[in-house]
Structure formats: structure tokens, C-alpha cells
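Protein chains in written order, with the numbering used here: chain R, 47 to 658; chain U, 21 to 408; chain L, 4 to 117; chain V, 1382 to 1577.
In this text, a Cβ means the ideal position worked out from N, Cα and C, and glycines have one as well.
Written below as C-alpha cells is the structure these notes are about.
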Ligand code: HEA
Ligand code: HEA
Ligand code: CUA
Ligand SMILES: [Cu+2]
């Protein structure tokens, strides 16, 4: 590998150097830069959500404490949930989609580079808008699921809920655009020979996730429109006094919400499906089965939403249906887990940090998955629903699954993005503090839940005798916070002066490792031809591919133009949505004008330089 | 992972140590048929999942230990899959899923079967942030402490006038939401949720609203008092007789229910407000006067047999018998009661009740401060506590 | 932005354009659609059909949708990837609409009532 | 947006341009969007507490007329595309004009019925029927309006010779949108107006 890498130094390059100023980042349409922006932004939001969580943990450390007011606590957990899901876990996964997918399939960029930039800016502005509510001391306070009728203007008269529904609908646009973009990219832009069944698993899971995005988000978008109309224009969708049914909100929310949780986990599954084979020096065991299992999870995930609603009273027939559908998901998930273990079986396992996080995921995600199975049993759920047992479940699957998977991906692909390794010693510290802190935080919650502590309460009676579990959780959270600091420290240090990484630092099999680290802005000077699932692991094929991909382009490849319309359009969309808060129809109509203008200008601007 | 195992072991020890502790809201300690059904199901699922967890962890530990990369490792065999294994780990879990799903579905139907004929109905209404219990058969309304006879099936009809609440008394069974009652056309029956169980032991059971319902959701607790059939009937009689509205019959007022029953208290007179005060504690008399004639209390609260018939707040008949105050969050004693009447928001932000010196402006409308003096507050407390 | 018509840009679809169908066919489809609409309305008005009205209407409107998608939107002549993409949305939509209708109108919503 | 695809310089795996493929994907997403609106309408069917009720106010005849107009606008749309592909600028412009005009007639008629319904007392806030009916059909109407603007822009670009046979795909994709909106109306017509 390195012999090829040296070639690049003296090749004459006909391609432009990439610009670096601030303006070039604002107008960039390069998927790699957008990915980095996504990652950095999501990490910052992770700290925001994390600090919110820490304040809650200190409030809950002892019974009958009141460090903060009930109202503030309600804002904190609502913002924590909303932030972590919509501004951390999802965009962080999207950061990886962006960076990795085009490289893995051998493309120069995503299908719609400007749309990609638009997604990012909308995400950023939507997130800022949501958090701007803190400035008005009016952060959303009706929980991340926003059940009607608590969100009605009668019971939530302030602007808190307005901030919530407006920013979520803004963020929805970014997600749908992202989903369309990645589906198109994956269907249409694969390098020669990259058949669907040769795609790396991460790309596959991106594909499935994108489907979930484009199908699930519209449902909540409509639900949010109903909510907005109820609040601002007096419609009666969720007004029981007028025959509206608050439970309908729950249906619509969870029809979105359950696919959403698979949106969170599937990217992580994708990451570890790439990481585990690399560090076991074995191809993924049962590749097609793992792919189909992922598709099946996504698909069945559409038919299980009411397992969040067993206490709502849907009747025994509906309950039974959703029990069965939910439990069936355990099977494909288990298949995946066993295939990963089988991949490691007989391998030669290197315990890099990326691999540690992947193994950690297997160990703790299973715990969360199994508590999910307990929830899925409707009668048992009647005891567990809305208690800390559920809080334990979903942090196990989200933090122990989704986040750990993404951190595995971080250590795995960081050398590609930066040309430098993340420090492995700090990495191991990061891993072990995460493991200890995480389990110490969330394992005791199983007990506090079972002993009767409901969730979303700002304090609890000393009579319940659950103080000890809460204290352990708080201590764990502090350790976990330290792990987060270690991670960021590692990122910052290694980005600047980490050990240099070659093109293929891990001896990994996929195309992204066939190009220099960091890649040229055009990724591939010429597109390689793929003949197998692990192109870089097959001797002849690897040499052929490296010969094509390691050089510099002799002529500037046809790359899209930078554009400032994405950021302007994103700003105008955010503005237009923000004006909805006024509830005055003509102000709202005025707000649409800049959106139209920007869309038009965008449409008229050439996406690519015209040089032919 | 090792840390995890170690952490798990420590926590298990903690759990064992904790077994002796009393958990009033323990969901693993069934005291009704309903809770028992759930518990058995839970235990069986628990062991299944522990078995699966053990399999996964053991395999994982084995792989991690056994297949570490070592100096001079050669390239491992490149195995791409194995059909038999795939079938095995699909069918195995599938069988387990079936083993879990079948009893689950049986329990689903068992816990939602039609109500038995002899069940006693109680209409439960979740308010922000307190519970109202109405017994249509007995014609009784009470709040925050549900009194039930032991061994008699009870059928709770759950509803709410505002937001979703969830009725949950873990030892007596699972929770079910009290959904806002959806208005229906004339002639149609509004739909309610129902919760059906038979308490099997007497005693106090703790419960709490389990659906986030706003600012004081954390303070929306409740108690269930399960009594013997006789005690329950006696309680119901006492409620209907409403001793609080009567001039007390002297210092030897019967304390215990059975005595009271034997005493055969006379039925409520018609004009309660004009009753003789007699040898009653003057503070109580003053309190009654304040409550019924001077303050706004009666606009929201009802006391059976008096002119207080408000229904915006808890029904306070027999309030003196309650062990808790303000939906289970405070012990019911004179100090707490006075403090509550003075300043409810100190205990329960956004409670729909005005304080002595602040107005209440909320979804229940506008209510001016009650402007009671300390003396009056003490009197009202004494009066309310005398209602037993 | 070039102002004259460019003869070649991405030659791929200039040929299969013809494959998209002829004007006559489009007009025929248009007529069929109109007729189906008319039949639907007739079914709506004719009392005799009351019992089978719903299934007939569902079948007819599905037929209309399929005609538009297949011919006006050319899905019939396109790469099957497009069919797969679009159908994934359609299938989930149908599933969701049916599920909600069943939940609300066919299953007893609440566990039981005395 | 219209331009994004025109600049597809590399052959794609499917031979379909990114623009078209992406747009079909977007339409799959729109299915769910309208599906949710339709579900809500169906769920609330028969729950309105106060009238007017659907059967009292809908005029199936009027709606049939507007529906047919919208159907024929779809026909005009394919013919416009056909004309663009055959470099018949004049026909293309006429057909596009027809599309816009029929869209306009449809909107006009529907708007007229809105006014009538409001007269009968059915408003956005009067009942679950009012809310779900107006938001469902209103969203559809906004889609039609957007389509008309899009067609207008295309017409202008054809008129100024910026769109010819090579760029026909821009018209084709706009057509996909228009037909999709038509499909939604076919479904709404049956579910809302015809099924009792
Ligand atoms: C990453 C996100 C994620 C993932 C992957 C999952 C996965 C699962 N979840 Fe979870 N869930 C959430 C995120 C997630 N969940 C969130 C955020 C909430 C709360 C929302 C809120 O209310 O705020 C929630 C709540 C939630 C509930 C509602 C609880 C309640 O509020 O009452 C239920 C109920 O059924 C449930 C079930 C499941 C199941 C069955 C799975 C399954 O997919 C798990 C499958 C995995 C395994 C089972 C382990 C591995 C399998 C094997 C080793 C094979 C053998 C196993 C068997 C045979 C059983 N989840
Ligand atoms: C991606 C999803 C995600 C993630 C990563 C997390 C991470 C954490 N969450 Fe979670 N959480 C949710 C999603 C998530 N959560 C959701 C959806 C809910 C439900 C909300 C609702 O009910 O509506 C919830 C609810 C929730 C609750 C329940 C609140 C309630 O019901 O009352 C609690 C309580 O402990 C909690 C704690 C934590 C903690 C301690 C972390 C830790 O992992 C966080 C660790 C990170 C950091 C700490 C950041 C590092 C910061 C620093 C190092 C700065 C130093 C700061 C200090 C030391 C103060 N969360
Ligand atoms: Cu009532 Cu929470
Ligand atoms: Cu779920």
C-alpha cells in the first residue's frame, strides 16, 4: 500500500487544490466536508444534551431534592430527549453516511451535492432554533413524545411547544432530503461492478435507514401539522371536547417513532458489520443473511408501533398483534448478533478501540434488546411502561447500541478523514470509562423502575427506597461525562498532531481504503472496477484497484460547483417556519416568499461547471 | 465487558441486599390476581432472557479470549457462512419467541376478559394533579385514597377531563391510562378504559400517576386502602352519614369503625349549616364557618351533607380519615394541612388551588387568593381533620 | 446557461422516449379514466349496488391509480428499480391506512366495558 | 432543483438520471404524507359532533366535474411532454397552458365549494370532519398550486428555448409530480366523496 502512496507526491496534478477559507466551508457541497460539519455539530449538541442529562441526574441523586424547579426539570428532559435523538444520534449517523457511503461505493460525491448541503444547514438552523427556546426561558416541556392533550394550547399556553413542533418539522425536511439523497446515491452511483450484493454492510444499512427516513418522517410531519393547526388555528384534531382523539397523536407519533429507533440502531449495526470483519481478518459471516436481516428489521419495524401504547387500552386483539410483531424482530436481530460472533470465531482479533466498541456494543445492546422483549410482553409492559425500566431499556439500546456503534465508526474512519490516527491509549480510556460509566448509570435504572419509580418525575418520595439506585446512576453519569471529555480531547489532539495514518491503516477490505487519507476532494481520480465483496482483500483485484485510485487526477474531474444557495435556502426555510409561530396567516405567507426566491435561484444555478 | 460482568455482579449483590428493604411501589410483589398474572409471566420471560443473555455473553467471552490475535498468526480461514448455523440461530430464537409469545397472549386476554357480574365499579378520574374516585353503586365520591373491599373484584373506569394520566398501583397490578374522555354524539356511549382486578390482601398500597401530565406530575400519587368487606361497608356508611357536618356528640366520639357502626349514627339532617354547635371544639366550629361561609373553599370542594358541593377539587368528606394530603405526597397532619392551605404551590407547583395570598390562574380559570388569616387556616385545618 | 437547444447531453433516454407511448394511447387512457370515474359515480348513485359499493369503488379507483402510474408516469416502461422504490412507499402507506382504519373502526378500541 | 439532474454527467447504474430517481423516491415519501392525512380523515369519519355532515354538503356532481378536469389535465401533461420530446415547441406550450388552466379550473371549483361549505357552517374548527377535511384537501390544493407555478416556470423556459428535447426530463419530472397529485385526488375522490 505504502509503495503506491508515495507515488502521489511527485505526480503532476491537473486538479485544483481545494480551498480552505471559511467561505469555502459555507458554500461547500463536498460530502466529506459536510460530513465533518455534521459530526462536529452533532458532537456539540451531544454535550448540550449531556449537560441537560447531568443536571437531571444531580436533581435525582437524592429523594425529595429540589435543586431545580419542576418546570425546569420538565424542560430539561424534553430537550434532552429531543436533542439526543434529533440533533445527536441521527445527524451523527448521517455524518458517517456522508463521509463513508460515497467512498465505499466508489462515487465522487452524493447524487445531489447541493441538497446534501441544504440538509446540513437545515439541521443546524433547526437545532439552533430549538435551543434558542432556552433564551426565552421557554424550552419545550411536554416530553419528546409530546402527547396530546398536554401539548394543546389549553394545557401548554406558552410558546414552549411551538418551539418544539416547529423545529421538529424543520428538522424533518433535512431528514427526508437526506434520505432521498442517499437512496439515489446508492441505487445510481455505484462504481462499475459494485453490485448491490457486493456493497459493504454500512452502505446497506444506510440504504435501509434512508428508506425508513423517507417513509417515517412524513408521518410525524403530518402529525406536527395537525398539532400546529390545533394550537394556532383552532382545529380540533386532538381536542376531545370536539370529538378529536388524543390517542390518534400517539398512533401517528409511534408510527414514526418506532421506525425512528431503527433509524438510530441500523447505522450502528452497519458500522460494526464493517469493523468486526476488518479486525478479525475474516469476511463477514453470512453476508446475505445479515443484509436481509437488516432489511427485515426495517420492514417489520413498521408494524410494531403500538407496543408503546399497551397501556392506552387498544383491546386484546390489537395488543396481541403488536406483541407478536414486536417479538418477531428479536429473530433477525439475534441472527445478526450470532453472525457477528461467528465472524469473530476463528478469526485473529485485534483489539483496537474501534473493535472494543463493537464488542462492547454486542455485550450491552443485547441487554437492552432483551429488556425490549420484556416490554413487548403487553401484560408485563403494564408494569414497566413509563418507569425507569423503560429508561434503562432505551439507553441500553441507544447509548449502548447506536452511540457505541458510532464511536466504533469514529475510531475506524477517523484516519481516513484526517490522515491521522486517533490516539489508541486515550481511545482505550474512552472505551473503558464509557463502559463503566454507562453501565453504572443505566443498569441501576432497571431496579429503580421495577421498584416503582416512574419516569419524567422531577423528584421522588424517600418512601420508595430507590435512592441508592439513583445515586449509583448519578455517579455513573459523572464517569460517563468524563469519557465524553476524553473523547473530545482525543479528537482535538489527534486531529492536530496525531500519528500519521496511511491509506489503509487497518488492512480493511473496502474501497474507501484504496484512496489516500485524507482523500482528494474528488475521491477517486478514476473509478475502480469491483469484482468482489472485499475488493482490497483479493490480491490481484487490490493491485488493480490501487493502481487506479491512488494516483492524482490528471485533469480536474467534473465536480459540482460550490454554492451559497443551500445555506440561504435553509435560512429562509427556518425563518418561514419560525414565522408560523405568529399564527397570523399573512405573516406566514410572507415568510414563504424568500423560500420561493431561493428555490428558484437554486434551480437556475448550474450545479456543475459548464465546460463543455 | 469484564467490567460489565463485575458491575453486574456488584449490582446483583446490591439487589440481594435490597431484598429485605420495603419497596411500597414494588412491581414484583403482587397482591392481586392481576398483579399475580403479570408477575408469573414476567418471571418466565425473565429466565428466558437470562438464558439468552448467558448464551450471548459466554460465546462472546469465549471468542474474545480464544481468538485474540497472537504473534505469528497466520491468516484465518476465510469462512463466509454456514447454512446449518444460520437455520439454527433463526429457529432457536424463533422457538423461544413462541414460548414467550403464547403465555403473553393468554395473559393479554386474561387481563382484559369481560368483567364478572359481581364486580364493584369505581369511576376513576385523573385530574391535574389529583385523583377522584366515584362509587356509583354506593353514591360515594372521594379523592386520592381509594378504599376497596378485599377479595371482591373491582372494575375501575378510567377517564380524565384534561390530559392523559395513568392509574398505577404496582402491587395491585399494571397501569392503564386515564385518557381524556372523547365527546361523542348524542345517544352514543363515551368510551372509557377499564382496569379490572381483585385485591387479595388488606393494607395500604402506594400508587402514582404514570403518564407525564405537566408540571406536578411527580406529585400525583395516591393510596389504595384495601379493607375487609365489613370495614369497607362501615366506611361507606360513615361517608354517607358524613359526621363532619354534624355537631359532634361529645368527646367520646367513636374512633374505630365498628364502634361507629354500632353507635348507629343518625342520618344526616337537612339544614346542616344551621346546626347547633354545642360542646364542639370552638376551633372546629370556626373552621366550619370559615370553610362554608367565609372562604371560597366550597366553590371547589364538596363535603357531604353541607352546602359545600364544589367539584373542581377533591371531595373532602371524611378527610380526617385520610393518611395523606394532596394526593399522597404529604402526611395528613395539622401542620402539613395548614401549610398546604396557606401555600399549596410550595408543595405542588401549578396545583389548581389558590393560596392564602396568591391567586390561581390556570386552566381551571381564575381564583382569587383565599386571604385567610393564620388563625382561620388553623381553624379550617382543625375542621377538616375533624371530618372522620 | 446556454440558450440554444442542445442536441446531445446525456444521450441515454433520447431513444427510449419513443417507448413511452403514443399520443393515441395517452388519449385512450384518458378516456378510460374518465369512463371509470363515470362508472364510480354511477355505482355511487345506483341503489342496487349499495351492498357491494365499497369494494367496487376501491377496485375501480385502484385501477385508475394503476393506469396513471403505469402509463402517464411511464412506470411500466421504466427500470424496475423505480417500481421498487415507489412501491415501497405505496405498500407502507396502504398498510398504515388499513391498520388505522381497522384499529379505529373494526376492533373494539377499549379492552372491555361492563 | 430542476437543474440538478441535467448535469448528470456519468452514466448511472440504472440508466435513470439521479433527478428522476430521486424524484420517484420523493414521491414514495409523499405517499406516506398523504397516507397519514387520509388515515386521519378515515379515522375521524363519523365522529363529528355537530353538522354539517359529509352527506349533507358534498355535491358529487360538482366534484365529479372538477375531478374529470384534473384527470384531463394529466392527459394534457403527458401530451406536453410528448411535444417537448418531439421538439414541437408550440404544442408543448399549448398543452402546458392547458395543464395550468385545468389546474386553475379545478382550484377555482374547489374553492367555490369551500365557500359553499363554509356557508353551511363547516369550517376548519367546527368539527373533526371540518378539520380533517380541510387540512387533507387543502394540502392537496397547495400541491396543485405549486404544480401550476412549476408548470409556469417550465413554460417560460420552453418559450425562451431553454428547454428542448435534451432537457425534456425537466418536463417529465414535473409531469411525475403532476400525475402524482392527480393520483392523490383519485384516492381522495373515492374515499372522501363516494364511500359513505
Ligand atoms: C436504538 C433504539 C432502539 C432499539 C434498537 C430498540 C429495540 C427494541 N425495543 Fe425499544 N425503545 C426505544 C429504542 C429502541 N428500542 C426507545 C427510545 C424507547 C422509549 C421511547 C419513549 O417512550 O420515550 C423504546 C421503548 C420500547 C418499548 C415501549 C416501552 C414502554 O414505554 O412501555 C418497547 C415495547 O415493546 C420496546 C421494545 C423493543 C424491542 C422488542 C426491541 C428489539 O428490536 C430488540 C431486539 C434485540 C434483542 C432481542 C437482543 C438480541 C437478540 C438475540 C440474542 C436473539 C435471541 C432473542 C430472543 C429469542 C428474545 N422498546
Ligand atoms: C441518543 C439518545 C440519548 C443519549 C445519548 C442519552 C444520554 C443520557 N441520558 Fe437520556 N434520554 C433520551 C435519549 C438519550 N439519552 C431520551 C429519548 C429520553 C426520554 C426523554 C423524555 O422522557 O421525553 C431520555 C431520558 C433520560 C432520563 C430520564 C428523564 C426522566 O424521565 O425524568 C435520564 C435520567 O437519568 C437520562 C439520562 C441520560 C444520561 C445521564 C445520559 C448520558 O449518556 C449523557 C452523557 C454525556 C455527557 C454527560 C456529555 C458530556 C458533558 C460534559 C462532560 C460536560 C460536563 C458536565 C457535567 C459534569 C455537568 N436520559
Ligand atoms: Cu397525572 Cu401524571
Ligand atoms: Cu418501539
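Please find out if some non-hydrogen atom of ligand 5 comes closer than 8 Å to the beta-carbon of residue i.
i             : result
residue 99(L) : Of the ligands this structure carries, namely ligand 1, ligand 2, ligand 3 and ligand 4, none is ligand 5.
For residue i, is the beta carbon positioned less than 8 Å from some heavy atom of ligand 2?
i               : result
residue 119(R)  : yes
residue 322(R)  : no
residue 431(R)  : no
residue 449(R)  : yes
residue 100(R)  : yes
residue 1458(V) : no
Which whole-angstrom value is the C-beta distance of residue i and residue j, which I expect to be below 8 Å?
i               : j               : result
residue 504(R)  : residue 150(R)  : With 8 Å as the limit, residue 504(R) and residue 150(R) do not qualify as a contact, their Cβ atoms being about 46 Å apart.
residue 376(U)  : residue 389(U)  : 6 Å
residue 1539(V) : residue 1473(V) : 5 Å
residue 515(R)  : residue 491(R)  : 7 Å
residue 407(R)  : residue 447(R)  : 6 Å
Is residue i near ligand 1, with its Cβ less than 8 Å from a heavy atom?
i              : result
residue 373(R) : yes
residue 317(R) : no
residue 228(U) : no
residue 133(R) : no
What span of residues does the alpha helix (DSSP H) with residue i cover, start to end?
i               : result
residue 221(R)  : 206 to 234
residue 394(U)  : 394 to 405
residue 261(R)  : 247 to 279
residue 524(R)  : 513 to 543
residue 1399(V) : 1399 to 1424
residue 308(R)  : 292 to 326
residue 144(U)  : From DSSP, residue 144(U) is part of no alpha helix (DSSP H) but of the beta strand (DSSP E) over 140 to 147.
residue 169(U)  : It is not in any alpha helix (DSSP H) - residue 169(U) instead sits in the beta strand (DSSP E) that spans 165 to 169.
residue 375(U)  : No alpha helix (DSSP H) holds residue 375(U); DSSP gives it neither H nor E.
Is residue i near ligand 4, with its Cβ less than 8 Å from a heavy atom?
i              : result
residue 307(R) : yes
residue 304(R) : yes
residue 358(R) : no
residue 350(R) : yes
residue 354(R) : yes
Any chance the CB of residue i is under 8 Å from a heavy atom of ligand 3?
i               : result
residue 1524(V) : no
residue 233(U)  : yes
Note down, in chain order, every chain B residue with its Cβ under 7 Å from the Cβ of residue i.
i             : result
residue 99(L) : In the displayed structure, chain B is absent; the protein chains listed are R, U, L and V.
>> Can you confirm whether the region 170 to 182 of chain U touches the region 210 to 227 of chain U when touching is taken to mean that 3 or more C-beta pairs between the two stretches lie within less than 8 Å?
In response: yes
> If you measure beta-carbon to beta-carbon, which residues of the region 1425 to 1452 of chain V are closer than 7 Å to chain U?
Replying inline: 1430
> Using Cβ-Cβ distances below 9 Å, what residues of the region 92 to 121 of chain R are close to chain U?
Replying inline: 115, 116, 117, 119 and 120
>> Count Cβ pairs between the region 164 to 172 of chain R and the region 232 to 250 of chain R that sit closer than 8 Å; are there 3 or more?
In response: no
> Is it true that the region 230 to 243 of chain R meets the region 139 to 158 of chain R, where meeting means three or more beta-carbon pairs spaced less than 8 Å apart?
Replying inline: yes
> Taking a cut of 8 Å between CB atoms, which residues from the region 357 to 379 of chain R lie near chain L?
Replying inline: 359, 360, 361, 362, 363 and 364
> At a Cβ cut of 8 Å, what residues of the region 65 to 90 of chain L count as close to chain R, listed as they run along the chain?
Replying inline: 84 and 88
>> For the pair the region 336 to 354 of chain U and the region 237 to 244 of chain U, tell me if three or more CB-CB distances fall below 8 Å.
In response: yes
> For the 8 Å Cβ check, are there 3 or more pairs between the region 273 to 285 of chain R and the region 74 to 91 of chain L?
Replying inline: no
>> Three or more C-beta pairs under 8 Å: does that hold for the region 201 to 210 of chain R against the region 130 to 141 of chain R?
In response: no
> Is the region 323 to 338 of chain R close to the region 468 to 484 of chain R, with three or more CB pairs under 8 Å?
Replying inline: no
> Using a beta-carbon distance cut-off of less than 8 Å, what residues from the region 227 to 255 of chain R approach chain L?
Replying inline: 229 and 233
>> Between the region 105 to 118 of chain U and the region 376 to 393 of chain R, can you find at least three pairs of beta-carbon atoms closer than 8 Å?
In response: yes
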